[in-house]
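K.L.:
Residues in the sequence shown are numbered consecutively from 100, following the working numbering. Cβ atoms here follow ideal geometry from the backbone N, Cα and C, with glycine treated the same way. Quantities reported herein were computed from a predicted structural model and do not represent experimental measurements.
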Amino acid sequence: MADSEQSREKQPPCTICNRPAIVRVHPDTHLCSIHFAASIEERVTRTIDEEGMIRDQERVAVALSGGKDSSALLSLLHEFAENRGEIDLLAITIDEGVSGYREETIKAAERLTGTLGVEHRIVTFRDVYGHDLDEFLRSREEMACTVCGVLRKQLLQMEAKRCDSTVLATGHCQDDEAQSILMNYLKGDTGRIARDASKSGHPVFVRRIKPLSRIQEREVAIYGMVKGIYTELPECPYAGYALRGEARKMLNFLELRYPGTMEKLVIGYREVRERVRVLNHPEPVDICESCGGPASGSHCRACILVQRLVPCRLPDDLIPSIRSAPE
Ligand code: SF4
Numbered sequence: 100m101a102d103s104e105q106s107r108e109k110q111p112p113c114t115i116c117n118r119p120a121i122v123r124v125h126p127d128t129h130l131c132s133i134h135f136a137a138s139i140e141e142r143v144t145r146t147i148d149e150e151g152m153i154r155d156q157e158r159v160a161v162a163l164s165g166g167k168d169s170s171a172l173l174s175l176l177h178e179f180a181e182n183r184g185e186i187d188l189l190a191i192t193i194d195e196g197v198s199g200y201r202e203e204t205i206k207a208a209e210r211l212t213g214t215l216g217v218e219h220r221i222v223t224f225r226d227v228y229g230h231d232l233d234e235f236l237r238s239r240e241e242m243a244c245t246v247c248g249v250l251r252k253q254l255l256q257m258e259a260k261r262c263d264s265t266v267l268a269t270g271h272c273q274d275d276e277a278q279s280i281l282m283n284y285l286k287g288d289t290g291r292i293a294r295d296a297s298k299s300g301h302p303v304f305v306r307r308i309k310p311l312s313r314i315q316e317r318e319v320a321i322y323g324m325v326k327g328i329y330t331e332l333p334e335c336p337y338a339g340y341a342l343r344g345e346a347r348k349m350l351n352f353l354e355l356r357y358p359g360t361m362e363k364l365v366i367g368y369r370e371v372r373e374r375v376r377v378l379n380h381p382e383p384v385d386i387c388e389s390c391g392g393p394a395s396g397s398h399c400r401a402c403i404l405v406q407r408l409v410p411c412r413l414p415d416d417l418i419p420s421i422r423s424a425p426e
């Protein structure tokens, strides 16, 4: 049999249009690039609408690291905003200061926002906290993802608020959600198990949404390739310290053996959270005395962490730098 005939045989046609398929989405459904992209756009739009994530006239800040998930998210929300109109988008990139890594992802973020014509703001750890992540972590690299995650969240919230955004969209996909759930259980972090920032009515929160939470990581990557926005980027040098990496390996293994594992984990977790959330772990109701952000107590987690990392700087010293971080 000729090679071309063999490859035609291996490549099933799209279930909808008969063009060559690029992906199998269900055991009996194969899709070509056009119908695959359309199915992702339709599923994300449905997620946004069913969960009431974005309303007309909203200003939506998109957390854009420049990696594949956040790039796909910005592209999808740009499409969504074009169709709906009356939705204002901007992208916020946090530069933690990780040498040899973050520079590349920032370039990718700048390319994408330039192509889409979306307003783009970059906020650096150095400008706000006076130190890069690399400096914060000297001799305590094992704390990398905790420090990075807590401080990045604080800056995203602050910048989104400063820009009058009403919503903050992050690129967490279904795999990220499943990993976070597993990690919370492994760490015994019941407070996080019960919390849901997207439903918070706390006035100092910019409401967080996760429009990709029903899409698998693999699907997000394929969508990025189909749309020509996927870029191979270096891995963060601190990734090896992350518990998330171990959670990812475990879940990928289970997903391969028992397809649907991650989706079931996420759905089951949401049901449990609804039952225990308000009863045992109320949302934080205090205002941080240092930065003005949400807190459980006198100071938020980020300001307490910064004080531990830079003991010579009292939390109060942070007020001017955080509140007047560069426009
Ligand atoms: Fe930050 Fe950890 Fe991700 Fe690196 S791997 S960007 S340190 S959260």
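For chain C, check one thing: does any of its Cβ atoms lie closer than 8 Å to the Cβ of Cys116?
P.N.:
Among the chains in the structure shown there is no chain C, since it carries only a single protein chain.
K.L.:
When the Cα of Ala259 is compared with those of Glu370, Gly229, His219, which residue comes out closest?
P.N.:
His219
K.L.:
Over what stretch of residues does the beta strand (DSSP E) that includes Thr223 continue unbroken?
P.N.:
Thr223 -> beta strand (DSSP E) spans 218-223.
K.L.:
Mind checking which residues open and close the beta strand (DSSP E) that includes Val384?
P.N.:
First-last for Val384: undefined, no H or E at that position.
K.L.:
Starting from Thr192, follow its DSSP beta bridges and name the residues at the other end.
P.N.:
Ile221
K.L.:
Given this structure, state the Cα-to-Cα distance separating Glu140 from Arg374, to the nearest angstrom.
P.N.:
31 Å
K.L.:
Would you decide whether Ala296 is buried or exposed? Buried here means 16 or more other CB atoms lie within 10 Å of its CB.
P.N.:
With a pLDDT of 49 at Ala296, under the threshold of 50, the modelled position of this residue cannot be trusted; read the value that follows with caution. Using a 10 angstroms sphere on the CB of Ala296, the tally of other CB atoms reaches 16 or more, which defines it as buried.
K.L.:
Looking at the ligand SF4, does it come within less than 7 Å of Tyr228, judged from the CB to the closest heavy atom?
P.N.:
The nearest non-hydrogen atom of the ligand SF4 is 7 Å or more from the C-beta of Tyr228.
K.L.:
Measuring from the CB of Glu195, is there a heavy atom of the ligand SF4 at a distance below 7 Å?
P.N.:
yes
K.L.:
Please state if the CB of Thr214 and the CB of Gly196 are separated by a distance shorter than 8 Å.
P.N.:
Going by C-beta atoms, Gly196 is not nearer than 8 Å to Thr214.
K.L.:
Which residue spans inside the stretch 118-201 form an unbroken alpha helix (DSSP H) run of at least 4?
P.N.:
132-149, 167-183
K.L.:
Does the beta-carbon of Ala320, which I'm using as the reference point, lie nearer than 7 Å to any heavy atom of the ligand SF4?
P.N.:
no
K.L.:
Just mark Val492 as buried or exposed, buried being the case when its beta carbon has 16 or more other beta carbons within 10 Å.
P.N.:
Given a span of 100 to 426 for the chain in the structure shown, any question on residue 492 remains unanswerable.
K.L.:
Do you know how far the Cα of Leu176 is from the Cα of Arg183?
P.N.:
10 Å
K.L.:
Go through its chain and collect everything with a Cβ distance to Lys206's Cβ below 8 Å, but skip five positions before and after it.
P.N.:
The answer, listed in chain order, is Gly165.
K.L.:
For Tyr284, which of His129, Asp226, Ala346 has the nearest alpha-carbon?
P.N.:
Ala346
K.L.:
Can you check whether the CB of Arg400 is closer than 8 Å to the CB of Val305?
P.N.:
No, Cβ-Cβ distance for Val305 and Arg400 is not below 8 Å.
K.L.:
Between the Cα of Arg313 and those of Thr192, Val266, Gly359, spot the shortest distance and give me the residue it belongs to.
P.N.:
Gly359
K.L.:
Are the stretch 239-247 and the stretch 361-369 touching by the rule of at least three beta carbon pairs closer than 8 Å?
P.N.:
The count of Cβ pairs closer than 8 Å, one atom from the stretch 239-247 and one from the stretch 361-369, stays below three, leaving the stretches out of contact.
K.L.:
Determine the extent of the beta strand (DSSP E) in which Ile308 is found, giving its start and end residues.
P.N.:
306-308
K.L.:
If you count every other CB in all the chains shown that lies within 10 Å of the CB of Thr289, and 16 or more means buried, which is it?
P.N.:
Flag for Thr289 reads exposed.
K.L.:
Under DSSP, the alpha helix (DSSP H) around Leu255 begins and ends at which residues?
P.N.:
243-261
K.L.:
Here's a check: name, in chain order, each residue in its chain whose Cβ is nearer than 7 Å to the Cβ of Glu232, leaving out the five neighbours to either side.
P.N.:
Sequence inspection shows Leu at residue 232; the Glu mentioned does not correspond to that position. Residues of the same chain with a CB within less than 7 Å of the CB of Leu232, apart from the 5 flanking positions on each side, are Glu195, Gly196, Val197, Phe224, Val246, Cys247 in chain order.
K.L.:
Sort Gly216, Gln278, Thr144 by Cα distance to Lys348 and report the nearest one.
P.N.:
Gln278
K.L.:
For Val266, name the three-state secondary structure that DSSP assigns.
P.N.:
strand
K.L.:
Could you pull out every residue in the same chain whose Cβ sits closer than 6 Å to the Cβ of His134, ignoring the five residues on either side in sequence?
P.N.:
Within the same chain, His134 has close Cβ partners Cys113, Ile115.
K.L.:
First and last residue of the alpha helix (DSSP H) that includes Leu285?
P.N.:
273-286
K.L.:
Looking at Glu202: is its Cβ nearer than 8 Å to the Cβ of Gln156?
P.N.:
no
K.L.:
Within a Cβ cutoff of 7 Å, which residues of the same chain sit near Val217, ignoring the five residues on either side of it in sequence?
P.N.:
Leu173, His177, Leu188, Leu189, Ala190
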